[in-house]
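To start, the structure under review is shown below, and the notes come after it.
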Amino acid sequence: QVQLVESGGGLVQPGGSLRLSCEVSGISFSRSTMGWYRQAPGKQRELVAVITWGGGTNYANSVKGRFTISRDNAKNTVYLQMNSLKPEDTAVYYCKVETVFGMSANYWGRGTQVTVSS
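Per the working numbering, residue 2 is the first one in the sequence shown, and the count goes up by one each step.
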């Protein structure tokens, strides 16, 4: 059974930082491409960042230079370091298994709330 458990969300002031974690079980994590998504109220879910099993990364334009995606294969965990947070970053953040051994996958976590407000 594949499980993804996100943590690290919370309330932070504008300009602050948070680090999200997503622990994955039930798949070959080291051979998986992982993604972070977010969904704000009334908006569609959007891709925030992706990291391949080889460590390559890609980011949405809105978070480039502020967010960093990383992974620790020994801990089966993917991270999203979020700096210089803005109110428009407020959303539920989800992690997703994009591919496993290069084959498309569609496993999601339940999400963690991030609220940026003064």
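Note that beta-carbon positions come from the ideal geometry of N, C-alpha and C, so glycine has one too.
Take Ile28, set aside five residues on each side of it, and the residues of its chain with a beta-carbon closer than 8 Å to its own are Val3, Val98, Val101, Ala106, Tyr108, in chain order. Cβ neighbours of Arg46 within its own chain (closer than 6 Å, five residues either side excluded): Tyr38, Gln40. Using a Cβ distance threshold of 8 Å, Gly10 and Gln114 count as a contacting pair. For Asn59, DSSP records a beta bridge to Val51. Ser118 and Pro15 have their alpha carbons spaced roughly 6 Å apart. In this structure, Val25 lies away from Leu19, with their beta-carbon atoms at least 8 Å apart.
Nearest in C-alpha terms to Pro42, of all of Tyr94, Met104, Gly110, is Tyr94. Close CB contacts of Gly112 within its chain, under the 7 Å cut and outside five residues either way in sequence, are with Glu7, Val93, Tyr94, Tyr95 (chain order). Taken through DSSP and simplified to helix, strand or coil, Ala75 comes out as helix. Straight-line measurement puts the Cα of Tyr80 at about 14 Å from the Cα of Ser31. Shortest Cα-Cα distance from Leu86 to any of Phe68, Asp73, Gly36 involves Phe68.
The alpha-carbon separation between Trp54 and Ile70 amounts to approximately 12 Å.
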